[in-house]
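Student: Residue numbers (full-length UniProt numbering): 1 to 327.
Heads up, the beta-carbon is just placed ideally off N, CA and C, and yes, glycines get one too.
As the structure is a computational prediction, the values presented were derived from the model and not from experiment.
I am attaching a structure below and will ask some questions about it afterwards.
Next comes the structure, spelled out in structure tokens:
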């Protein structure tokens with residue numbers, strides 16, 4: 001008998017930057033039974049309705065054992081995770097017979113030319129191919145664009161440094177992108193996994209609709225000028241309160257590549273972000289080439305200023321510095 005609904009969900013990275021928002025959204029559905037896979041050294045605490053199972057990545061059998069009986073595996077990994085982490089999880093999921101995997105996507109369509117240019121695409125492509133080649137699980141990738149509050153709070157990722165009140169505007173600052181909040185990504189994952197696996201009524205949206213495909217979501221369609229305006233609104237500032245510099249996105253992209261070559265750790269971040277602001281390519285404006293799945297997943301319309309307030313709060317608290325430099 002075919003599977004009707006997802007019930008048992010395992011998540012990797014349940015307390016991470018994005019993972020905690022996905023976990024919070026999953027917990028709102030009482031039909032889900034959630035298991036968090038943790039490293040044996042992890043000291044995180046979990047609510048009583050989450051089962052935490054410590055695993056040892058050097059002993060893949062512990063992964064397979066933890067994944068037995070799971071309907072879906074949600075993978076969220078830090079950029080610092082060893083590159084073999086996701087392949088190990090995928091192989092263990094196949095051995096355990098897990099039918100659905102949400103791999104560590106949550107950004108651009110990793111098949112895009114831009115993803116290849118910034119080197120994030122090929123490993124994700126290989127991992128998705130591995131899922132298909134093993135022939136046990138199906139994958140669904142979440143395309144969300146860059147994370148809005150994180151990217152706006154970071155030092156110049158969107159070209160806007162709130163803490164220093166400095167903005168680097170690429171070209172005219174009018175290149176539009178799709179971008180999503182962490183909360184919206186969490187809701188998307190929870191809504192996706194709540195869909196029936198196959199149609200129960202004619203024309204119904206199902207999880208099977210997205211088998212080995214991407215789901216496209218977005219919180220906002222904005223450009224740099226609109227993001228700067230949003231910061232000004234919530235802070236009561238105007239452009240006179242900023243040091244504003246203009247630079248061509250192509251020039252910034254090339255500068256970032258040089259920074260990388262010199263060992264500057266921000267070089268990759270600047271290269272990654274600026275690539276998607278190159279004019280006339282619409283590399284991060286995926287709503288232009290595909291239909292967003294927000295409505296199908298029942299996602300709410302969000303308020304740009306409210307999300308911007310969170311970004312400002314994160315910037316004021318030094319979130320980015322604590323994340324990357326306080327270790």
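Looking only at its own chain, which residues have a Cβ that is under 6 Å from the Cβ of residue 1, when we skip the five neighbours before and after it?
Tutor: Walking along the chain shown from the start, residue 1 turns up at place 1. Annotation note: pLDDT 40 at residue 1 (below 50); position unreliable, no value reported.
Student: Quick one: what's residue 141 bridged to in DSSP?
Tutor: The residue given as residue 141 occupies position 141 in the chain shown. 214.
Student: Would residue 177 and residue 228 qualify as a contact pair, given that the criterion is a beta-carbon distance under 8 Å?
Tutor: If you number the chain shown from 1, residue 177 lands on position 177. If you number the chain shown from 1, residue 228 lands on position 228. Against a cut-off of 8 Å, the Cβ pair of residue 228 and residue 177 comes out as no contact.
Student: Please state whether DSSP places residue 173 in a helix, a strand or coil.
Tutor: Numbered from its first residue, the chain shown carries residue 173 at position 173. Coil.
Student: What do you reckon, are the CB atoms on residue 60 and residue 92 nearer than 8 Å?
Tutor: For the purposes of this step, residue 60 is identified with residue 60 of the chain shown, where counting begins at 1. For the purposes of this step, residue 92 is identified with residue 92 of the chain shown, where counting begins at 1. Going by C-beta atoms, residue 60 is nearer than 8 Å to residue 92.
Student: Could you check the C-alpha separation between residue 118 and residue 72 for me, to the nearest Å?
Tutor: Counted from its first residue, the chain shown places residue 118 at position 118. Counted from its first residue, the chain shown places residue 72 at position 72. Computed Cα separation, rounded: 29 Å.
Student: Are the CB atoms of residue 189 and residue 25 within a distance shorter than 8 Å?
Tutor: On the chain shown, residue 25 is found 25 positions in, with the first residue counted as 1. On the chain shown, residue 189 is found 189 positions in, with the first residue counted as 1. Against a cut-off of 8 Å, the Cβ pair of residue 189 and residue 25 comes out as a contact.
Student: Between the alpha carbons of residue 199 and residue 167, how many angstroms are there, rounded?
Tutor: By 1-based counting over the chain shown, the position of residue 199 is 199. By 1-based counting over the chain shown, the position of residue 167 is 167. Taking the straight line joining both Cα atoms gives about 49 Å.
Student: Enumerated in chain order, which unbroken segments of the alpha helix (DSSP H) with a length of 4 residues or greater are wholly contained in the segment 189-260?
Tutor: For the segment 189-260, whole alpha helix (DSSP H) runs of length 4 or above, ordered along the chain, are 224-235.
Student: Is it buried or exposed for residue 103, if we count other Cβ within 10 angstroms and need 16 for buried?
Tutor: For this step, residue 103 is matched to residue 103 along the chain shown. Label assigned to residue 103: buried.
Student: For residue 122, does the three-state DSSP call read helix, strand or coil?
Tutor: Stepping through the chain shown from its first residue, residue 122 is reached at position 122. Correct three-state label for residue 122: helix.
Student: Count Cβ pairs between the segment 282-293 and the segment 121-141 that sit closer than 8 Å; are there 3 or more?
Tutor: Contact fails: fewer than three Cβ-Cβ distances are below 8 Å.
Student: Have a look at residue 170 and residue 282 and give me their C-alpha separation to the nearest angstrom.
Tutor: As a working note, residue 170 is residue 170 in the chain shown. As a working note, residue 282 is residue 282 in the chain shown. Whole-angstrom Cα-Cα distance: 14 Å.
Student: So, does the segment 216-235 touch the segment 289-304, judging by three or more C-beta pairs under 8 Å?
Tutor: Contact between the segment 216-235 and the segment 289-304 is present, because at least three Cβ pairs lie under 8 Å.
Student: Does the structure place the segment 45-53 close enough to the segment 113-129 that three or more beta carbon pairs sit under 8 Å?
Tutor: Contact between the segment 113-129 and the segment 45-53 is absent, because fewer than three Cβ pairs lie under 8 Å.
Student: Which whole-angstrom value is the C-beta distance of residue 297 and residue 207, which I expect to be below 8 Å?
Tutor: Against the chain shown, residue 297 aligns to sequence position 297. Against the chain shown, residue 207 aligns to sequence position 207. With a Cβ gap of about 11 Å, residue 297 and residue 207 do not count as contacting.
Student: Helix, strand or coil: which one does DSSP assign to residue 318?
Tutor: As a first step, residue 318 is located in the chain shown; it is residue number 318 there, counting from the start. Coil at residue 318, not helix or strand.
Student: Grouping DSSP H, G and I as helix and E and B as strand, with all else coil, what is residue 1?
Tutor: Counted from its first residue, the chain shown places residue 1 at position 1. For residue 1, the pLDDT reaches just 40, beneath the cut-off of 50, and the residue's location in the model is therefore unreliable, leaving the point undetermined.
Student: Would you say residue 22 and residue 85 are within 8 Å of each other, going by their C-beta atoms?
Tutor: Here residue 22 is taken as the residue at index 22 of the chain shown, counted from 1. Here residue 85 is taken as the residue at index 85 of the chain shown, counted from 1. Going by C-beta atoms, residue 22 is not nearer than 8 Å to residue 85.
Student: Along the chain, where does the beta strand (DSSP E) that runs through residue 38 open and close?
Tutor: Against the chain shown, residue 38 aligns to sequence position 38. Residue 38 -> beta strand (DSSP E) spans 33-39.
Student: Excluding the five sequence neighbours on either side, which residues of its own chain have a C-beta within less than 8 Å of the C-beta of residue 223, listed in chain order?
Tutor: Within the chain shown, numbered from 1, the residue matching residue 223 stands at position 223. Only 173, 174, 175, 176, 177 meet the Cβ criterion.
Student: Between residue 267 and residue 249, which are expected to be in contact by the criterion C-beta below 8 Å, what is the C-beta distance as a whole number of angstroms?
Tutor: Position 267 of the chain shown, counted from the first residue, corresponds to residue 267. Position 249 of the chain shown, counted from the first residue, corresponds to residue 249. Not a contact, Cβ separation roughly 15 Å.
Student: Near residue 67, what residues of its chain come up, given a Cβ to Cβ distance below 7 Å and the 5 sequence neighbours on each side ignored?
Tutor: The count along the chain shown starts at 1 and reaches residue 67 at position 67. If we look at residue 67 and ignore the five residues flanking it on each side, its Cβ neighbours are 10, 73, 92, 93, 96, 98.
Student: State the DSSP-derived secondary structure class of residue 22, mapped to helix, strand or coil.
Tutor: Residue mapping note: residue 22 aligns to position 22 of the chain shown, counting from 1. Of the three classes helix, strand and coil, the one that applies to residue 22 here is helix, per DSSP.
Student: Could you check how far apart the C-beta atoms of residue 139 and residue 6 are, in whole angstroms? I think they sit under 8 Å.
Tutor: By 1-based counting over the chain shown, the position of residue 139 is 139. By 1-based counting over the chain shown, the position of residue 6 is 6. In fact, because the Cβ distance is near 14 Å, the residues do not count as touching under 8 Å.
Student: The alpha helix (DSSP H) spanning residue 92 covers which residue range?
Tutor: As a working note, residue 92 is residue 92 in the chain shown. 85-96 is the span of the alpha helix (DSSP H), which, as asked, contains residue 92.
Student: Does the beta-carbon distance from residue 145 to residue 203 come in below 8 Å?
Tutor: Counting from one through the chain shown, the residue named residue 145 turns up at place 145. Counting from one through the chain shown, the residue named residue 203 turns up at place 203. Cβ distance not < 8 Å, so residue 145 and residue 203 don't count as in contact.
Student: Measure the beta-carbon distance from residue 323 to residue 185 and round it to whole angstroms, keeping in mind my assumption that it falls under 8 Å.
Tutor: Within the chain shown, numbered from 1, the residue matching residue 323 stands at position 323. Within the chain shown, numbered from 1, the residue matching residue 185 stands at position 185. Not a contact, Cβ separation roughly 18 Å.
Student: Closest by CA to residue 364, which one among 293, 197, 164?
Tutor: Given a span of 1 to 327 for the chain in the structure shown, any question on residue 364 remains unanswerable.
Student: Give every residue of the same chain whose Cβ lies closer than 7 Å to the Cβ of residue 212, excluding the five residues on either side of it in the sequence, and list them in chain order.
Tutor: Your numbering for residue 212 matches position 212 in the chain shown. 132, 138, 139.
Student: If I follow the unbroken alpha helix (DSSP H) through residue 152, where does it start and stop?
Tutor: Position 152 of the chain shown holds residue 152. Segment 148-153, the alpha helix (DSSP H) holding residue 152.
Student: Which of the three DSSP states, helix, strand or coil, is assigned to residue 104?
Tutor: Taking the chain shown and counting its residues from 1, one reaches residue 104 at position 104. Residue 104 falls in the coil class under three-state DSSP.
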